[in-house]
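Right, one structure below, let's go through it.
In this note's numbering, the protein residues as written are 3 to 113.
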């Protein structure tokens with residue numbers, strides 16, 4: 003993976019696990035990943051490329067919340083950089099399109 007793609011993949015995400023270099027913790031779980039932290043990852047990898055460890059990030063696919071996807075796993079809005087809040091309306095729209103095979107229409111149906 004190129005450094006540019008590495009940076010684009012991680013910026014704005016949230017760590018799922020602590021990151022250690024040797025016995026020193028350089029990033030904690032649930033920490034936002036910014037450009038400074040990504041640069042520390044790159045520097046550490048260049049110093050010891052054979053001791054690199056995986057970086058686990060929170061995603062909607064790995065969310066452990068029992069009732070919905072949490073804000074940390076959903077991520078940040080690219081528009082303003084705040085954590086995304088799906089809200090009730092977004093949840094209902096998602097469920098409605100899921101139950102109709104991915105298609106939502108504004109019309110009503112008389113049965």
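Glycine is no exception: its CB is placed at the ideal position from the N, C-alpha and C atoms.
(message) Measuring alpha carbon to alpha carbon, tell me which residue in 85, 9 and 73 is nearest residue 39.
(response) If you number the chain shown from 1, residue 39 lands on position 37. Checking every option, the nearest Cα to that of residue 39 belongs to 9.
(message) Which of the three DSSP states is assigned to residue 22 in this structure?
(response) As a first step, residue 22 is located in the chain shown; it is residue number 20 there, counting from the start. Strand.
(request) Work out the CA separation of residue 71 and residue 52 for me, nearest whole Å. (result) Residue mapping note: residue 52 aligns to position 50 of the chain shown, counting from 1. Residue mapping note: residue 71 aligns to position 69 of the chain shown, counting from 1. Going by the C-alpha atoms only, they are around 35 Å apart.
(message) I'd like the span of the alpha helix (DSSP H) that includes residue 42, first residue to last.
(response) Residue mapping note: residue 42 aligns to position 40 of the chain shown, counting from 1. Counting along the chain, the alpha helix (DSSP H) containing residue 42 begins and ends at 37-49.
(message) Please state the DSSP three-state secondary structure of residue 75.
(response) Locating residue 75 in the chain shown gives position 73, counting from the first residue. Here residue 75 sits in helix by DSSP.
(message) Looking only at its chain, what residues have a beta carbon closer than 6 Å to the beta carbon of residue 19, apart from the 5 residues adjacent to it on each side?
(response) Position 17 of the chain shown, counted from the start, is the residue given in the question as residue 19. Cβ neighbours of residue 19 beyond the five flanking positions: 31 and 58.
(request) Check whether the Cβ atoms of residue 21 and residue 13 lie closer than 8 Å to each other. (result) What you label residue 21 is simply residue 19 of the chain shown in a count that begins at 1. What you label residue 13 is simply residue 11 of the chain shown in a count that begins at 1. No, they are not a contact pair.
(message) Please report the straight-line C-alpha distance between residue 81 and residue 75, rounded to a whole angstrom.
(response) Along the chain shown, one-based indexing puts residue 81 at 79. Along the chain shown, one-based indexing puts residue 75 at 73. So the alpha carbons of these two residues sit roughly 17 Å apart.
(message) Assuming residue 83 and residue 15 are in contact, meaning their beta carbons sit under 8 Å apart, how far apart are those beta carbons, in whole angstroms?
(response) Within the chain shown, numbered from 1, the residue matching residue 83 stands at position 81. Within the chain shown, numbered from 1, the residue matching residue 15 stands at position 13. Incorrect: roughly 12 Å between the Cβ atoms, too far for contact.
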